[in-house]
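Asks:
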Amino acid sequence: MKSFRFTASRSGSDISLVMTDLQTEEITVQTYHDYEMYPLYSDRYYSNESNLFVDVLDLADGYGPQGISVTEDPNALKASHASSITLRTLARRAQRLSSDGSGEIVRYNDARQLWDKMKQHIVTSVVCRDADPIIDVRKSHNWNKNQPYATQLINPQAWYVTQVFNRTNQLKDPLYGYRGITAVFESFDDAVTLRKNIVNDLSFPSYRQIARLMNDSNMLVFHNDHSFAEWIRAQVKDNKMGVISSGTPIEVHFKTGYGTASLVPGDEIETGYDATRLDLTSGTQVTVTNLANRMCPRHKE
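Below, the structure is given as C-alpha cells:
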C-alpha cells in the first residue's frame, strides 16, 4: 500500500502525485498534465491513459501507478519538493472546469460532487466493521517488526487499545481505548500531519504509523464492539494469562469535536453509536468488565 500527497508546478499546469510505499518507504512521482486531470474522457479505460482522480481511486484499492523513483530522476525529486496542493482543491478545480461559467454543471455530470464520490469510494475501501481483531502483536509480530497488517491502511472506525502489555502492574494499571481515529488524533499532538492527509487528500495512514504515533508497538485493534468485548471476557476468564482482571481499569476516549473541520472522513459514528449509548464521556475510566457489558450486554435466557 502507498500513502500519497500532491504538489503543483510553478505554473500550476502540472500536478504531481507523490507516493510513498508503506513497506519500503520508497518515494515515486507520477506527473499529470491538464488533459490528464479532468474531464474523464470516455476512452480513458480503452486507451489506458492516465487520469489523476482515477489513479487515486486505484491507489486506495491497492493498485495505482508505479511512478518514477526520486532517486532515479532529478525531475521527480524536484516535483516531490514543489508546493503542496490538496486533492480537495483539485476536485473543486475540476468541478469549476466542467461549468459553463454560471456555476451550473453542463458539460460533465461526473464532476458533480466529485469530492464526495471519491470520499465514498475510498472510505468504503478502508472501513471493515466485520474483520477479525488484530491481537497477535507481540514479539516477532509487533508493529515494528513482522506484523502482517503493519502497512495496511487503517480502519477509521476501529477501537485502538494501548498499554495492554506495557504496564508495571498488569492487573491494576489502566489500559487506554480510543474509539475511532479522530479520538486518537485528538489525544496526540503529533497527529496533525496524519489528520490533514486524511481530511484534505483522503490519504489514510497505516496501522504501523498509528502504533508509532501512540508509541506502542503492541497496540491492539478491534473493528467492532463485539470482538473487543469478547476479547476482554476471554482474558478475564483465563487468569493464567495475567494481562487483565475483571477490575482492571480502562480509560476510554471518543471524538469530542463535531464541527466540519474536526471530522475525519470515515470516522463518522454510525447511527446509534456514541458515548450516550454507552453512558460514558470521553476520558472516563471504568473497569474492562464494565466496558464489555456496556458494549455488548449479556442477555439472560
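Once you know that position 28 of the sequence shown is 821 in my numbering, the rest is easy, because the numbers rise by one and skip nothing.
Every residue, glycine too, gets a C-beta built ideally from N, C-alpha and C.
Bridge partners of residue 970, per DSSP?
Replies: Your numbering for residue 970 matches position 177 in the sequence shown. In DSSP, residue 970 forms a bridge with 954 and 1045.
Asks: Taking the beta carbon of residue 869 as the centre, do at least 16 other beta carbons fall within 10 Å, making it buried, or is it exposed?
Replies: On the sequence shown, residue 869 is found 76 positions in, with the first residue counted as 1. Classification for residue 869: buried.
Asks: Assuming residue 823 and residue 860 make a contact with CB atoms under 8 Å, what is their CB distance in whole Å?
Replies: The residue given as residue 823 occupies position 30 in the sequence shown. The residue given as residue 860 occupies position 67 in the sequence shown. 4 Å between Cβ atoms; contact.
Asks: On the criterion of 16 or more Cβ atoms from any shown chain inside 10 Å, does residue 810 qualify as buried, or is it exposed?
Replies: Against the sequence shown, residue 810 aligns to sequence position 17. With 16 or more Cβ atoms within 10 Å of its Cβ, residue 810 is classed as buried.
Asks: For the beta strand (DSSP E) containing residue 808, list its first residue and its last residue.
Replies: For the purposes of this step, residue 808 is identified with residue 15 of the sequence shown, where counting begins at 1. It spans 808 to 814 - the beta strand (DSSP E) in which residue 808 sits, taken as one unbroken run.
Asks: Determine contact between the stretch 968 to 982 and the stretch 923 to 943, defined as no fewer than three beta-carbon pairs at a distance below 8 Å.
Replies: The stretch 968 to 982, when compared against the stretch 923 to 943, does not touch it at the 8 Å Cβ threshold.
Asks: In the structure shown, what three-state DSSP assignment does residue 964 receive?
Replies: For the purposes of this step, residue 964 is taken as the residue at position 171 of the sequence shown. Residue state, collapsed to three classes: coil.
Asks: Using DSSP bridges, identify the partner residues of residue 825.
Replies: Residue 825 sits at position 32 when you count from the first residue of the sequence shown. Partner(s): 808.
Asks: What's the C-alpha gap between residue 967 and residue 1005?
Replies: Taking the sequence shown and counting its residues from 1, the one referred to as residue 967 is at position 174. Taking the sequence shown and counting its residues from 1, the one referred to as residue 1005 is at position 212. Spanning the two alpha carbons is a distance of roughly 20 Å.
Asks: Would the beta-carbon of residue 1000 fall within 9 Å of that of residue 956?
Replies: The residue you call residue 1000 lines up with position 207 of the sequence shown. The residue you call residue 956 lines up with position 163 of the sequence shown. It is not a contact, given that the beta carbons lie outside the stated cut-off.
Asks: Below 8 Å on the Cβ atoms is my guess for residue 1091 versus residue 1071; work out the distance and round it to an integer in Å.
Replies: Taking the first residue of the sequence shown as position 1, residue 1091 is located at position 298. Taking the first residue of the sequence shown as position 1, residue 1071 is located at position 278. About 15 Å; that fails the 8 Å criterion.
Asks: Since residue 877 contacts residue 799 with CB under 8 Å, what's their CB separation in whole angstroms?
Replies: As a first step, residue 877 must be located in the sequence shown, where it is residue number 84. As a first step, residue 799 must be located in the sequence shown, where it is residue number 6. Contact flag correct, Cβ pair sits at about 7 Å.
Asks: From the DSSP output, in three-state form, read off residue 1020 for me.
Replies: For this step, residue 1020 is matched to residue 227 along the sequence shown. Residue 1020: helix per DSSP, three-state reduction.
Asks: Where residue 1147 and residue 1003 are concerned, what is the direct C-alpha to C-alpha distance, given to the nearest angstrom?
Replies: Since the first residue of the chain shown is 794 and the last is 1094, residue 1147 is not available in this structure.
Asks: Looking only at C-alpha atoms, which of 813, 913 and 1011 sits nearest to residue 939?
Replies: To locate residue 939, count along the sequence shown from 1; it is residue 146. When each option's Cα is compared against that of residue 939, the closest is 1011.
Asks: Tell me where the beta strand (DSSP E) around residue 1095 begins and ends.
Replies: In the structure as shown, the chain starts at 794 and stops at 1094, and residue 1095 therefore has no counterpart that could be examined.
Asks: Quick check: what's the CA-CA separation for residue 898 versus residue 875?
Replies: What you label residue 898 is simply residue 105 of the sequence shown in a count that begins at 1. What you label residue 875 is simply residue 82 of the sequence shown in a count that begins at 1. Only weak support is given to the placement of residue 898: the predicted model assigns it a pLDDT of 46, under 50, and the value that follows is read from those uncertain coordinates. So the alpha carbons of these two residues sit roughly 31 Å apart.
Asks: Count the other CB atoms, across all protein chains shown, that sit within 10 Å of the CB of residue 1020; report buried if there are 16 or more and exposed otherwise.
Replies: Looking up residue 1020 in the sequence shown gives position 227. Label assigned to residue 1020: buried.
Asks: Check residue 1078 in the structure and name its three-state DSSP category.
Replies: One-based indexing of the sequence shown puts residue 1078 at position 285. Residue 1078: strand per DSSP, three-state reduction.
Asks: Measure the CB-CB distance between residue 819 and residue 864 and report whether it falls below 9 Å.
Replies: Locating residue 819 in the sequence shown gives position 26, counting from the first residue. Locating residue 864 in the sequence shown gives position 71, counting from the first residue. Yes, they are a contact pair.
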